[in-house]
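Take the numbering used here: the last position of the sequence shown gets the number 315, and nothing is skipped along the way. Glycine included, every Cβ here is placed at the ideal spot set by N, Cα and C. Each remark here refers to the structure printed beneath this line.
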Amino acid sequence: MRIAAFDLGTNTFNLLVADATDTFYHEVYRDKKAVKLGHAGITRKVINDEAIERGVEAIRSCMKAIEPLNVDKILAVATSAIRSAENGVAFTKRLYKEFKLEVHIIGGDEEAELIYLGIRRAVPLTVENVLMLDIGGGSNEFIIANSSIISWKQSFPLGIARLLEIFKPSDPMTNKVVCDVMKYLDQELKPLKEAVAIYSFSRLIGSSGSFDTLANMCNIKNNQGTLYPSGTFYKFNKADILAFCDKLIYSTLEEREKMKGMDLMRIEMIPLAAVFIKYVLEIINVNEIYQSSYAIKEGIIFSYSEVEN
């Protein structure tokens with residue numbers, strides 16, 4: 007079955023087309039569009055007019071791209087920015103009116119479950135628990151799970167677009183802002199710290215844009231190249247990821263533009279993402295850190311194909 011999966015995120019709209027069954031997966035096409043739905047509105051629970059138009063144009067382009075691909079099923083989910091916006095439902099209704107695209111607005115728990123399904127197919131898991139982290143623009147999802155079961159999960163409205171609106175960091179960030187963000191995370195992530203005290207795990211697996219960018223940067227440093235396109239995961243050297251986090255936190259926009267492996271879609275938000283990752287690594291005791299190339303959009307496809315087949 008050929009499935010087109012749309013992940014309508016806060017910063018980026020992602021499209022993935024794949025042929026999939028419960029045992030087979032082959033990617034056909036993928037694309038991503040920078041939409042910045044959360045810009046100048048996410049903390050006020052609104053998607054502003056300019057962001058709405060960026061979103062509409064992104065969907066227009068994606069729908070045109072899949073026309074010749076003979077897709078059997080189109081699935082679309084919307085996450086934090088749309089679910090928290092007062093005009094989020096109105097936005098999805100417009101997408102249906104203009105493109106006949108049915109968008110399912112999902113809650114944080116369902117988002118975490120889809121992320122788990124994606125990561126589980128990308129990174130080899132065992133009966134031992136791992137901690138999964140998906141860093142988004144509107145929310146961040148944490149999942150403690152093994153190859154067969156989720157033991158704990160929670161979505162936190164601490165996405166990088168939200169942090170950007172709250173703290174409005176200078177370029178480069180000051181030590182005071184870094185400390186303020188760390189204190190804020192320490193307060194808001196108390197449920198995570200409680201879970202860490204209950205459940206044991208030896209690995210952190212990160213997914214989505216910030217971890218993808220860090221994997222590219224680390225791989226270029228160590229192997230003089232970018233991530234292998236067909237790879238489903240990357241294993242970090244912990245010292246490397248910490249060093250790159252420190253470099254990104256205190257870098258200027260101009261410096262980041264010149265960094266090898268930098269995704270220009272992430273260039274504004276990645277210093278705060280680096281603060282977030284560094285904070286998490288400080289409160290958990292793991293030496294093994296992985297990047298998963300699969301996340302929510304792959305989870306959408308696996309969830310549907312496993313049920314239908």
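- Comparing C-alpha distances from Asn-17 to each of Ile-141, Ala-128, Val-313 and Arg-36 shows the shortest one belongs to Ile-141.
- For a cut-off of 8 Å, the C-beta gap from Ile-53 to Gly-94 is around 7 Å, short enough to register as a contact.
- For Arg-50, there is no enclosing alpha helix (DSSP H), as DSSP marks it with neither H nor E.
- Straight-line spacing of the CA atoms in Lys-189 and Glu-288 works out to 13 Å.
- Taking a 10 Å sphere around the C-beta of His-110, we find fewer than 16 other C-beta atoms and assign the residue as exposed.
- Nearest neighbour of Ile-88 by Cα position, chosen from Phe-282, Val-77 and Gly-143, turns out to be Gly-143.
- At the C-beta level, Ala-151 and Val-136 come within 9 Å of one another.
- When Cβ pairs closer than 8 Å are counted between the two stretches, the region 176-184 is seen to touch the region 255-263, the count reaching three or more.
- Non-local C-beta neighbours of Glu-304 in its own chain, meaning closer than 6 Å and more than five positions away in sequence, comprise Gly-124, ordered along the chain.
- DSSP places Met-138 in the strand class (E or B) of the three-state scheme.
- Burial of Leu-220 is indicated by the presence of at least 16 other C-beta atoms within 10 angstroms of its C-beta.
- For Glu-294, the uninterrupted beta strand (DSSP E) segment begins and ends at 294-298.
- In the same chain as Tyr-205, and ignoring 5 residues on each side of it, the C-beta atoms closer than 7 Å to its own belong to Asn-135, Ile-150, Ser-157 and Trp-158, in chain order.
- Check the Cα spacing between Val-184 and each of Glu-108, Val-34, Ile-48 and Pro-277: the tightest is with Pro-277.
- Unbroken alpha helix (DSSP H) stretches of 4 residues or longer found wholly inside the region 155-216: 166-173, 181-194 and 196-204, given in chain order.
- Contact check for Ile-295 against Lys-241 passes: the beta carbons are separated by less than 9 Å.
- Among the bridge pairs identified by DSSP, Asn-146 is matched with Ile-141 and Phe-162.
- His-32 is bridged by DSSP to Asp-25.
- A contact is defined here as three or more CB-CB pairs under 8 Å, and the region 59-66 fails this definition with respect to the region 22-29.
- A straight line joining the alpha-carbon of Met-69 with that of Val-83 spans about 15 Å.
- Excluding its 5 nearest sequence neighbours in each direction, Tyr-285 has C-beta neighbours in its own chain below 6 Å: Met-188 and Leu-191, listed in chain order.
- Spanning the alpha carbons of Met-265 and Arg-8 requires a straight line of approximately 37 Å.
- Following the DSSP letters along the chain, one finds Arg-8 inside the beta strand (DSSP E) bounded by residues 8-14.
- Remark: C-beta atoms of Met-268 and Asn-222 approach each other more closely than 9 Å.
- Ala-64 has its alpha-carbon roughly 20 Å from the corresponding atom of Glu-274.
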